[in-house]
Structures are given as C-alpha cells and as structure tokens.
Amino acid sequence: MPGASFSIAAPQNVRSNPNAIGDYAAIGDCRSAALVGRDGSIDWLCWPRFDSPSLFAALLDPSAGHWRIAPVGPFQTVRRYIENTNVLQTRFDTGSGSLLLTDLMPVASEEEKRRLMLPEREILRLVECERGEVELEWSIEPRPGYGVRSATVRRLGQLGFRAESPEGLLSLRTDLPAELREHGRIEGRARLSAGASAYASLTLAARDPAVLPPLGEWSHTALERTVRWWQGWASAARYEGPCREMVIRSALALKLMVYAPSGAVIAAPTTSLPERIGAPLNWDYRFCWLRDASLTVRALVGLGYVDEAHAFVNWLLHATRLTYPELRVLYDVHGNKPPDERVLHRLAGHQGSVPVRIGNLAADQRQLDVYGEVIDAVIHFVRAGGTLDRETEGVLRAWGEYVCRNWEQPDEGIWEPRTGRAHHTHSRVLCWVALDGLLQLHEKDHIRWAPLAMFEKNRELIRQEIEGRAWNPSLESYVAELDSDRLDATLLLLAWYGFEPARSDRMRATYRRIRQQLGAGDGLLYRYPRNQEPEREGDPVSPGEGAFGICSFWAAEYLALGGGTAEEARQLFEWLCGYANDVGLFAEEIDPGTGAALGNFPQAFTHVGLINAALSIARRLEGEAPIPRQVPHRQEGSEAEKTRV
Amino acid sequence: MNWNSWLLWSPVATLALTSVMAGSQGLHLTRMNLPYMLGSIFTPNRERAKLIGFVFHMMNGWIFSLAYVAAFQSWGRATWWAGAAIGLVQSIFVLTVVVDLLPSFHPRMASEQTGPTVTRQLEPPGFLALNYGYQTPISVLVAHLIYGAILGGFYSMR
C-alpha cells in the first residue's frame, strides 16, 4: 500500500536482481519509459522509443544493463510519486541518515521546447541527503541491444562520459565521483551530509549532435518544469468519485503509454514479464493493440482528456491505411507491422522466467472484436465533441462492411490463444457493437451515407445468434464460445456495451456463474476457468496464471451498471484498488495467493479497467444513469472544426 | 529554353508523380499523401487540405521542373535517362532532407521530440519516411524517376 516501507538487502559485488515486478515504478516522457526498482536501480529502459532495443534490461537478466544509486549497507525504502506527476521519489533510510532519490524523464511543453535547448531523451536523477550522513554507491552499465552488446565508454573530462550505441550517442554527466571500469561499467562512491545534493543525467542523441544539459540549478529547473507539466495535465481530470488518487494515478500511468509523436497507445512498456513466475507465459507488449488503445482512449475521454482521443483517432485512421479495410490486432507506434516474434536466448528471464520474447505473433491473428472496439472509441470521441470528415466516414463504413462479410468467421478472440480459432461470444458481441455504433453515427448524421439495410440485417442476425447459441440454459449463463459450456470474464462486458441490461435475469445469472467458476478469492477473477485454459505454445500443461486485473474491475463495473448496488460496487472497487503496488501501479495480473503483480508492467489494460469502473461507480453513487451510449447529433460551425479528424 | 514544351510537360510529369504516389497508397504500399501533407500546412480540414495541397503540389512540380530543364539546357540535350537520373537525386534529397525538415516548419506535424503534449496531428515521416510504411522510399523513388524520365523524354530543346 502507498507509504509502506520495505527492507532491501545491501547489494553485493555480483549483483542479483532483488526486485519483483511490483517493486518497480515507471517514469517516462510519452516516447519512452524506464522502470525504477525499490533499490534505486533503473532496470529497464528502451530508447529512443518504447519498442526500441533495451539499454538497461536487468529486469530480465541481471547482466543486461542497469543504473543504480543507493546507500551502502542496509536500508529501508519508502517511495511515492510527487503528487499528480510521474516524477518518482525514493527515500532511503539508513542507520546514519536518509537519502532522497528523485527520478524523472524531464518533459516540457511545446512552447518551452521552442525556447530551450533540450536533449532528445534524458533521465535525470537528483540525490539529496535529508538527514545525517549517508554513504552512497552508484553504478551504470549500459548494455545496448537487449544486453547483447557492451557499450564502449569514453571519458571526456568535465563533459562526463560518452558511449556510442546503435540507437545513438549516450552521454552521462554527474558530479558524483566516477571511475570507468571494464565492460563499460562506471561506478563510484560518495558520502553526503545533510543538505548536500548530487546530480546525474543520462541523455541520448539519436540523430543530431548531443545536447549536454548542465547539472545543479539546471537540474532543479528541469524538475520544476516537469512537475509543472504533469500537474497541469493531471489537473484537467474530471473525476470526483471514490479512490480519486488511484484514478488520477491510473490516468498518469496511461498517459505514460501514449506515444506522443503519433498518438498511438502501447499496451505496456515492457516485454516478457511473466504471467507466472518461472513459466513461459512471457510476451512483448510494447506495441499498440487496437483493442487496448481504444479502451484507453475511452477511459481518458471519460476523464475529460479529449486531446489524447483526438490524436489516437487520427493515428488510427492513418495507421490502418496499409491494411484497409482490414485491421491488424496490433501495430507499432507508427502504424507498421511489429517485427516478427523471436526469442532472446541469451537473457535469463525475470526470476528465471524464459523465454524472453521480442515482437509478437498475435500481429498475424484475426480478432474480430477489434472492429467493435475501435468504432466504439470513435463514438466516444464523437460524444466528446469530435466530428468526422468524409474520408473518416468512408473508413468507418468500410469497417462496417468488413464486419458484415466476416462476423460469422471464427477468430482467435481477445485472449489471443495460439491454438486456433473459435466462435467467441465476445467477438460476436463486438461485431454487434460495431454495426450498432455505425447505425447510430448515421442516424445522428456523423456518417452521411451507409448501407443501412446490410448493417441492420447483420446486426439483427448477430443478436439472434448470440441470444440463441451463446446462452447455455443448463448452465444458466452466457458462455465464452457459441454452443459451449465454457465461461469467460468478457461476458461481463455485455452490459457495458449495451447488448444486454446489467439488471436482466440473464446477466445476473451470468454474473453469479462467473463469480462461482472464475472467482480467485478476495474479489479477484480469473479470465477463464483454470482447468479450461487454452493450451499455449511452449506450455502443454495448464498455464496456471494469476487473476486478471481488468476482469476483476469489470466485475465492479458490472455491479455499478445495475448488476448490484452502488455500495457493493464501491466496496469491491476499493478493495481491488488495494492490490496496486506501493506507488499505485498494476501489472496485467495479480497472484491471488500473495497479491503480487504478474505480467507486463505497468499494464494499460488494468488501469483502463480501474478508470472505467470508477467512472461508472461515481455516476451510480451520484444517482445518475450509466454513462450514456447514445451518439449526439453532429456539431456544426467552428466548435466542430476544432475537433475534426 | 523552350517555354512551350516546359509548360506542357511539367504538369504532365507532376501528374504522373502524383498518380504513382496515390497508386502506392491505393495498393497499401505507403501512407504518404503529398497533397494532404502540403495542404495541412494551411488548414486542418482534411478535404480542403487535399485540394489546397494538390494545387500547391502542382506548382511545386512546375517550379522544380525548371531545375531539370536548366540541366538539360546546360547539357545540350534532354533524354529520359538523364531526367530519371535527376529524379533519382531529387528523391534522395526529398527522403533524406525534406522529410526530415518537414516537422520543423509544418504547423500540424509532430516531430520525434513531440510530447508529452499531444497537440499536433500529423505523424512525423521519420528517416526515409519509413514511418509511413516500409515501402515508402521505393514509392517516392519510383515516382521521381518517372517524373524525371517524362521531363527528359518529352521536353524538346527547341
């Protein structure tokens, strides 16, 4: 829980990674992100963008690069983000004093960037002795290319150190004592007394000559600028419901995953953090899943962040042009196909969890629910005041026609099993959502022409099929696949998408059955029954993964939508928020036995679930109806012009 | 210089270049849309941007062709392969210099340094415009080779 303290063993010369997934916190600049451990070690960094090869990957192998600053000897840590920012502060308490480490990727407004000369990428670390006297040690080992290469580091006197990497020139400046060791390792020790400070800045110049920011006062200015930017962004959030601090933290975490130059939203900034420790359920999430991104946009719009929705919808239309009218499951941040999946055999994996994968095979899957998700994101954008131009109308229409031609096909579905296709209820429902949304957009003049008869006919056929074949009367529940008896947590979303009222007998019965069969204890849910998990590549035995974060929040949201009382929803929601780590971040999954974070981290999907549940609960508590799904009439005049895509 | 010949073949070559680029888009080889990229300098409205950009692009093609014609005049002859050679140079210049500079002066184009503020809308082309699809450099190259070949092949010195 926030504010808790933890004991970390003193580091040894031969370092093993003491950090679990939940021991990390994320910093970033909306182009790249880094993970900082409780022990003051940056163990994950990909530069210059999220899906670039890593520079630090001690998260996945202790020898794959890190940058650590921490006291010598035993210490305890307490961490927090500076309020409403993505600036991390780690306080080390030792027997002789306390040390405050502030970590950030400096950011600036576009206006400030026009005035200032700033590095292309930077991590800034400020160390301050708050009390007593503390001896600290620090070390940095850049290992470009996922730990494959040693960096050739050169000392440049007062200008610090420089190292060439395939991604560009790395420059390190610090006023801490520093010695260059073999294999590009730089390290040093310093004794700081109360009030003393030290600084370290690592920058990347990917293409242009490096900008070397001064230290000292300049570092404090960069910190203030960064705090000001994040707090300004966070202050725009419109939310006054339960667990506000957690909701804002989730929004800040999601914002970290927006790739600002294009508007794409990645699923998580990491690869191959295991869904079960020691198991091969390790995947690369540093790409833009259209489904996750659409849900992220919906959450951000719900909090009032329309610019991000605008940028994403714009990116969506641009990125999908090469596969038009078909949508891929995932794209890289510029809309290209991600690299083919491959295994990095050299890396030992997080706590021995191999293989470490880069790239993602799911890029070649068919997941028909994606059409419904992206059209739903566009509808949320329209509800927030956006309007669509003729070209966008054409793209939406083409997606609808594609859905009409293909909704009867089997697909891999939302959970991306690698064992083949099936007729997933969730995919069918999202095909219904796609056509229903398009018809609404047409009715309100956002799409001026559409093949109405075809859309209406297929929408009705899909509904009939779901109501007839996805409902299992003997189980008294909707089921994951047509004519099956398998459950799935995605069925809770039928109410959210407006397919079936949350208060209906069928939904209430489905919820009870899901709780009964998918309950992981303590309010958590598995995404599907453990003894029915689809086998996945490289893991012929039951995977035995953790409870799924977003599914647990779906349950809270279902209650808020009418499946339960407002109080039931609030209690469950607040309980689930307690599974966040000490700085309020969630991974993809939660170990139901220990509460430990599992899977890639931080995970947009889980934070999206948290925000959407919070928004629905807040409305219910205020006595309002669920968030309306109706599309408003097309705006006219200058207001529409402002948000046109 | 043969002004009549220049006035005739310059727009033809520019139209051919534009058609090749548009065809590449239609074949899902690239997302690069030169009229839209140019027109969105003046307006965020996609339809209007394409129209303005098309006019702007035609004028650019006309102006650039002057350099081709000047080269033909100085060499004393105009051949399709000489034109294509200049087109090759121009495409390399466009892919390495122009697309790199675009985010610097385009009011609605992000750069790789944009963020965390999400304000501008057009994605940066990146090195060799690869952000617009891996086949983009080939499309640009072919379009400029055809542009140059038409100018060189049809421009009459007298």
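Protein chains in written order, with the numbering used here: chain H, -12 to 632; chain R, 175 to 332.
For each residue, glycine too, the CB sits at the ideal point set by N, CA and C.
Note that the structure is a prediction, hence the values are computed from the model and not measured.
- If you compare the alpha carbons of I127/H, E128/H, R160/H and A192/H with that of P153/H, the shortest gap goes to A192/H.
- Under a 10 Å Cβ-count criterion, P196/H is classified as exposed, with fewer than 16 other Cβ atoms of the shown protein chains found around its own Cβ.
- V245, Y246, A247, P248, S249 and G250: these are the residues of the segment 245 to 268 of chain H whose beta carbon lies less than 8 Å from some beta carbon of chain R, given in chain order.
- The C-beta of M233/H has 16 or more other C-beta atoms within 10 Å across all chains shown, which makes the residue buried.
- Of the residues assessed, D351/H falls on the exposed side of the cut-off, its CB having fewer than 16 other CB atoms within 10 angstroms.
- Ranked by Cα distance from Y498/H, the options K444/H, A542/H, R142/H and A298/H are led by A542/H.
- The residues M206, L269, V273, T310, P311 and V314, in chain order, have a CB closer than 7 Å to that of A303/R in the same chain once the five nearest residues on each side in sequence are set aside.
- Minimum Cα-Cα distance from R67/H among the listed residues L91/H, A45/H and A44/H corresponds to L91/H.
- For the C-beta of N323/H, the chain R residues within less than 7 Å are, from N- to C-terminus, G307 and Y308.
- When DSSP states are grouped into helix, strand and coil, I324/R belongs to the helix group.
- Closer than 9 Å to the CB of L304/R there is at least one CB belonging to chain H.
- Residue burial is scored here from C-beta neighbours: D279/H has at least 16 other C-beta atoms within 10 angstroms and is therefore classed as buried.
- Cβ neighbours of G508/H within its own chain (closer than 6 Å, five residues either side excluded): P579.
- Ranking L167/H, K100/H, E115/H and A266/H by CA distance to the CA of I127/H puts L167/H first.
- In the displayed model, G346/H falls within coil according to three-state DSSP, outside both helix and strand.
- Within chain H, no residue has its beta carbon less than 9 Å from that of R282/R; the closest one is some 10 Å off.
- The contact set of L303/H on chain R, defined by CB atoms closer than 9 Å, is empty, because the minimum CB distance reaches about 11 Å.
- Within chain H, P248 have C-beta atoms less than 8 Å from the C-beta of S285/R, given in sequence order.
- In the DSSP assignment, I69/H falls outside any beta strand (DSSP E) and carries neither an H nor an E.
- Any Cβ of chain R closer than 9 Å to the Cβ of P35/H would place that residue at the interface, and such an atom is present.
- Close partners of E107/H in chain R (Cβ separation under 8 Å): E286 and Q287.
- Counted as a single uninterrupted DSSP element, the stretch harbouring L268/H is not any alpha helix (DSSP H), since DSSP gives it neither H nor E.
- Here the segment 113 to 129 of chain H makes contact with the segment 172 to 186 of chain H; the two share three or more CB pairs at distances below 8 Å.
- For M232/R and F560/H, the gap between their C-alpha atoms comes out near 59 Å.
- Under the 9 Å criterion on CB atoms, R384/H is classed as non-interfacial with respect to chain R.
- Taking a beta-carbon distance threshold of 9 Å, V94/H counts as an interface residue toward chain R.
- In the displayed model, F37/H falls within coil according to three-state DSSP, outside both helix and strand.
- With a threshold of 9 Å between beta carbons, L202/H makes no contact with chain R.
- In this structure, V252/H keeps its C-beta atom at 9 Å or more from the C-beta atom of G289/R.
- Judged by DSSP secondary structure, A12/H falls within the beta strand (DSSP E) whose first and last residues are Y11 to G15.
- Taking the beta carbon of G300/R as reference, the chain H residues within 8 Å of it are H321, listed in sequence order.
- Fewer than three pairs of CB atoms, one per stretch, sit closer than 8 Å, so the segment 224 to 231 of chain H makes no contact with the segment 265 to 284 of chain H.
- Residue A323/R holds the alpha-carbon nearest to the alpha-carbon of A258/R among L182/R, M175/R, I226/R and A323/R.
- In the three-state scheme derived from DSSP, where H, G and I count as helix and E and B as strand, I110/H is classed as strand.
- Within chain R, no residue has its beta carbon less than 8 Å from that of Y68/H; the closest one is some 15 Å off.
- Where L243/H is concerned, there is no enclosing beta strand (DSSP E), although the alpha helix (DSSP H) around it starts and stops at R231 to L243.
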